[in-house]
Structures are given as C-alpha cells and as structure tokens.
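For the sequence shown, position 288 matches number 288 in the working numbering, and the numbering has no gaps at all.
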Amino acid sequence: MANANFGVMGLGVMGRRIALNLERNGFRVAGVDLDEDKIMLFSAAARGKKLIACQTLDAFLTGLERPRRILMMVPAGKAVDAAIASLTPYLAPGDLLIDGGNTFFLDTDRRCTELESSGVIYSGTGISGGEQGALWGPSIMPGGPPQAWKLLKPIFEAIAARAGGEPCVAYMGARGAGHYVKMVHNGIEYGDMQLIAEAYDILHRVLDLSNRELHEIFDEWNRGELESYLIEITAAIFTKADPDTGKDCIDLILDEAQQKGTGKWMSQNAFDLGAPTPTINAAVESRIVSAMKEERTVAAQVLTGPALKIPTERQSVIQAVREALYAAKICSYAQGFALMNLAGKEYGYDFNFSDIAKIWRGGCIIRARFLNDIRAAFSRDPHLANLMVDPDFARALNARQASLRQVVSLAAGNGIPVLAFSSALAYYDAYRSQRLPANLTQAQRDYFGAHTYRRIDRAGTFHTEWQ
C-alpha cells in the first residue's frame with residue numbers, strides 16, 4: 001500500500017472526522033491514537049477508503065510520505081507537549097507538526113521556538129465548525145512559518161468550507177497567529193451568543209411571546225442583515241419538542257451556561273494588551289453568573305425588582321430589538337478586530353483582517369452575511385483602527401443607536417439583565433466621546449499616590465500638592 005499523504009494523531013470525534021474529510025477530498029490518511037477503542041472505530045471507518053489505522057507510533061510514522069505532515073488533535077496543554085515529545089525523536093528536518101486544537105497562543109509561540117533548532121516545522125492551526133465542520137468543511141486558521149503554509153495550502157484549501165466560491169482558509173501569520181485568531185473567533189462567538197440570548201430574554205419575558213412566535217421572528221431575521229448560523233440554529237431550537245414529555249426542549253434546559261475557557265482567554269489577553277472588549281467580557285461574566293444557580297435561586301426570594309410592564313406596541317419592540325442586536329453585533333466585532341490590531345503589533349503576527357473576515361464567512365460558528373461587510377471595510381482601509389468608524393458601519397450604527405438605547409432602557413425598566421447589550425452601548429458611547437471623566441480619575445490618583453497627570457494646556461507631566 002502506498003504511503004499516506006497526511007497523518008492524524010488523536011482520533012476522537014474531531015480528529016476522525018477531519019481524517020474522513022481529507023480522504024473524501026483525495027488524500028490517503030494514516031491515523032493513530034493511544035486509545036484502542038478509537039483506533040477500532042477508525043479502522044471500521046477505513047473499510048473501502050484510503051484510510052490507514054495504525055496500531056503503533058512506529059507504523060504511523062513509517063507509513064507517512066516525506067516530508068511528513070502530522071495533525072495533532074489532542075486536548076490543549078500537557079497532552080500537546082506529550083504528543084510532541086513522542087514524535088520529535090523520529091522526525092527529520094522539514095517534517096511538519098500541526099496542532100489543530102484550541103491551544104493558548106503563547107504556548108504555540110513557545111513550541112515554535114523550541115522546535116525551530118531541530119528543523120521540524122510547527123504550525124498552530126485554529127479549526128472552527130464543530131463536528132459537522134470537521135467532516136464537511138471547517139474554517140481553518142493556520143499559523144507558523146511560511147514554509148508550513150506552503151506544505152498545508154493545497155490540503156487545507158481542499159477540505160475547508162467555501163464561501164462565495166473561495167476556500168475558508170488563509171495564512172494567519174507567524175508562530176501562534178492562527179491560534180490567536182481562533183481565540184478571538186471564540187470570544188466573538190461568546191458575544192454573539194450572549195446578545196442573542198438577551199434578545200430572546202426580552203422578547204420572551206417582556207412581550208410574553210411563545211416559542212412558535214420566537215421561531216418565526218428569528219427565522220425572519222435570518223433572511224435579513226442578521227443572517228448567520230447562530231440566528232439560524234436559534235430559530236430551529238424553538239421548534240424542537242422533547243420526545244419524552246412533548247414539551248419544548250428550550251423550556252426544559254437548565255439556565256446554566258458552561259464554557260471551555262477560550263472566551264476567557266480573550267478577555268484576559270485584552271486586559272494584558274490594554275484593549276477594551278467589554279461585550280466579550282460581559283458574555284464571559286454572564287456565563288459565570290448563570291453557573292451560580294443556587295445562589296440566584298436564594299437571591300430571587302430576597303431581592304426585589306420592578307413589575308413587568310408589557311408594551312402595547314409589540315411590533316415596534318420587536319423591530320427595536322432586531323436593530324439593537326445588529327448595532328451591538330457591530331460593537332462586539334469592532335472590539336475583537338481592534339484587539340487583533342493591537343496583538344498583531346505586540347506579537348509580530350502581521351494580521352490581514354480582510355482575510356480573517358473572508359475565512360469566517362463559512363464553516364465556523366460565527367459565519368454570517370455580516371462578515372462580507374467587514375471584509376469590504378478592511379479591503380477599503382487595511383489600517384482601519386476600529387470598525388465603528390468605517391463609513392458604512394458608522395451609518396449603520398448612527399441609524400440604530402436609538403434602538404439600542406431603547407432596548408437597554410426597556411430591559412432596565414423591567415429588571416432584565418442585559419450585560420452584553422449594555423456593554424455594547426457603553427462602548428459605543430465611550431468611543432465616540434471626545435471627553436471622558438478620566439480627568440477626575442487622574443486627579444484622584446495624583447491625590448493619593450502622586451501618580452502625576454498631563455494637562456490640556458501644556459506639554460509634560462504634573463503633580464499637585466492637593467492637601
């Protein structure tokens with residue numbers, strides 16, 4: 001049997017499905033795993049296909065054509081270091097190792113540097129799209145040295161999702177750039193999901209809409225400017241009945257959101273770089289608060305809020321929520337791209353933001369019509385400081401900011417928490433404010449700590465003896 005063109009180490013759900021995707025697109029794939037059950041599953045899938053299930057690491061490595069291209073689909077952290085340690089003694093200069101997991105980008109930076117002297121090429125590659133994306137076409141974000149992209153380009157372009165006839169893959173930049181972009185993708189995903197959840201909460205609680213009505217609203221929204229995978233699946237969720245009880249599934253799910261940590265990484269890194277990402281932060285915080293179910297249940301018996309005031313003009317509220325959701329979405333994405341702008345300079349990643357928007361249009365969880373407009377904005381101005389000041393997005397925000405205010409006010413007046421909507425509005429107002437009250441903050445810092453301040457009427461730093 002001919003040698004495999006590509007190797008996959010880690011045959012869990014994602015690894016196995018990527019291997020099947022590769023095979024369907026004409027590649028011969030070898031697979032290996034420490035778990036014998038996973039090897040057996042892969043072996044069963046291999047019947048009649050160009051897939052090779054390897055029982056040992058030696059069989060796996062000797063069965064790969066040179067230079068060897070090996071995709072590691074193992075959990076982030078120590079498992080990646082263990083996989084690298086098991087492989088590198090047998091690799092030759094020019095062989096390529098790819099980490100396709102959700103790895104923290106600085107770990108990828110470190111591994112690239114550690115392997116450089118051995119001549120082994122290392123690529124940290126973000127892959128988005130879940131199980132279906134892995135099988136039928138994900139959005140792929142490869143980083144590492146340019147020679148890694150040269151070895152990966154024909155393979156990844158073959159298996160990636162397509163949008164507008166273009167493959168949803170592009171070279172992201174040096175070292176951990178690919179994993180950085182995937183981290184930001186996941187943070188923006190958190191923001192999108194929380195904004196949609198808050199829109200649902202307002203429509204459900206304030207307007208007392210049924211799940212059938214909510215399905216119709218989100219289905220209609222998915223045919224306009226909000227068209228996206230997340231809006232599409234939200235509409236579908238409202239129609240699903242539980243087979244055991246006959247009740248709507250959505251009403252039986254505990255209001256306790258979980259997280260894997262990638263959204264939190266984005267918030268932490270944003271603080272490190274000094275980039276404001278309040279909507280993503282609010283989404284992370286909302287999941288944390290949701291996990292405090294027992295405490296919230298007790299607090300609900302002790303703390304009071306306003307009585308619900310159901311508006312009579314339901315259609316105007318639905319329209320306002322739609323417009324507010326779109327405006328807040330612009331603010332959230334603006335935060336993510338502004339963070340990447342800072343990170344590109346800080347870490348030397350040299351991001352192409354038009355390419356990033358292009359590859360997020362298909363395959364990934366945040367795929368949306370809206371990303372065509374982001375791509376166009378960065379094509380017009382590759383050095384755009386913030387999406388909100390692009391002429392098209394500025395017009396969209398100016399036309400919808402009143403609806404965003406109306407929705408935040410409506411929620412506050414009815415005691416409905418909208419951390420993401422509120423933060424998006426505050427970010428918009430802060431960014432457009434020529435003057436902020438930070439002058440008082442600096443005066444306080446100088447008062448208690450002699451931290452000095454700058455003046456508006458002369459250059460230099462100053463200190464006042466306040467007492």
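Note that beta-carbon positions come from the ideal geometry of N, C-alpha and C, so glycine has one too.
Values in this document were obtained by computation on a predicted structure and should not be read as measured data.
Closest by CA to residue i, which one among the options?
i: residue 86; options: 10, 49, 136; result: 10
i: residue 146; options: 245, 176, 345; result: 176
i: residue 483; options: 29, 139, 193; result: Residue 483 is absent from the model: the chain starts at 1 and stops at 467.
i: residue 207; options: 428, 462, 315; result: 315
i: residue 99; options: 110, 74, 114; result: 74
i: residue 319; options: 126, 400, 240; result: 400
i: residue 71; options: 44, 40, 22, 109; result: 22
i: residue 13; options: 101, 201, 109, 243; result: 101
i: residue 202; options: 28, 311, 232; result: 311
i: residue 413; options: 161, 39, 181, 305; result: 305
i: residue 331; options: 322, 230, 238, 388; result: 388
i: residue 60; options: 28, 403, 429; result: 28
i: residue 93; options: 68, 106, 230; result: 68
i: residue 351; options: 171, 253, 416, 433; result: 171
i: residue 416; options: 383, 372, 286; result: 286
i: residue 185; options: 403, 364, 17, 216; result: 364
i: residue 250; options: 240, 423, 190; result: 240
i: residue 393; options: 336, 88, 376, 439; result: 376
i: residue 438; options: 453, 448, 428; result: 453
i: residue 370; options: 384, 231, 276; result: 231
i: residue 428; options: 359, 284, 81, 402; result: 402
i: residue 470; options: 106, 373, 382, 436; result: In the structure as shown, the chain starts at 1 and stops at 467, and residue 470 therefore has no counterpart that could be examined.
How many angstroms separate the CA atom of residue i from the CA atom of residue j?
i: residue 367; j: residue 3; result: 36 Å
i: residue 112; j: residue 122; result: 6 Å
i: residue 222; j: residue 214; result: 12 Å
i: residue 195; j: residue 90; result: 48 Å
i: residue 15; j: residue 397; result: 41 Å
i: residue 268; j: residue 342; result: 14 Å
i: residue 26; j: residue 425; result: 49 Å
i: residue 308; j: residue 157; result: 52 Å
i: residue 188; j: residue 465; result: 45 Å
i: residue 34; j: residue 334; result: 42 Å
i: residue 109; j: residue 8; result: 22 Å
i: residue 296; j: residue 234; result: 25 Å
i: residue 349; j: residue 281; result: 24 Å
i: residue 162; j: residue 136; result: 10 Å
i: residue 432; j: residue 217; result: 32 Å
i: residue 405; j: residue 155; result: 47 Å
i: residue 50; j: residue 6; result: 11 Å
i: residue 119; j: residue 95; result: 8 Å
Ends of the beta strand (DSSP E) at residue i?
i: residue 122; result: 121-128
i: residue 306; result: Run containing residue 306: none; DSSP gives neither H nor E here.
i: residue 52; result: 51-53
i: residue 255; result: From DSSP, residue 255 is part of no beta strand (DSSP E); its letter is neither H nor E.
i: residue 418; result: Segment: none, residue 418 is in no beta strand (DSSP E) and carries neither H nor E.
i: residue 139; result: 139-142
i: residue 30; result: 29-32
Count the other C-beta atoms from every protein chain shown that fall within 10 angstroms of the C-beta of residue i, then say buried if there are 16 or more, exposed otherwise.
i: residue 167; result: buried
i: residue 246; result: exposed
i: residue 288; result: exposed
i: residue 117; result: exposed
i: residue 409; result: exposed
i: residue 126; result: buried
i: residue 451; result: exposed
i: residue 131; result: exposed
i: residue 323; result: buried
i: residue 40; result: exposed
i: residue 266; result: buried
i: residue 210; result: exposed
i: residue 159; result: buried
i: residue 197; result: buried
i: residue 361; result: buried
i: residue 420; result: buried
i: residue 181; result: buried
i: residue 292; result: exposed
i: residue 152; result: buried
i: residue 461; result: exposed
i: residue 284; result: buried
i: residue 383; result: exposed
What residue range does the alpha helix (DSSP H) around residue i cover?
i: residue 9; result: Per DSSP, residue 9 belongs to no alpha helix (DSSP H); it is in the beta strand (DSSP E), 6-9.
i: residue 224; result: Here residue 224 belongs to no alpha helix (DSSP H), and DSSP marks it neither H nor E.
i: residue 385; result: Neither: residue 385 is in no alpha helix (DSSP H) and is coded neither H nor E.
i: residue 75; result: Run containing residue 75: none; DSSP gives neither H nor E here.
i: residue 409; result: 391-413
i: residue 61; result: 57-62
i: residue 37; result: 36-46
i: residue 159; result: 146-159
Comparing the CB of residue i with every heavy atom of the ligand SAH, is any distance shorter than 6 Å?
i: residue 466; result: Among the components of this structure there are no ligands whatsoever, and the ligand SAH is therefore not found.
Check the Cβ-Cβ distances between residue i and every residue of chain C, and say whether any is below 7 Å.
i: residue 407; result: No chain C appears in the structure shown, which is made up of a single protein chain.
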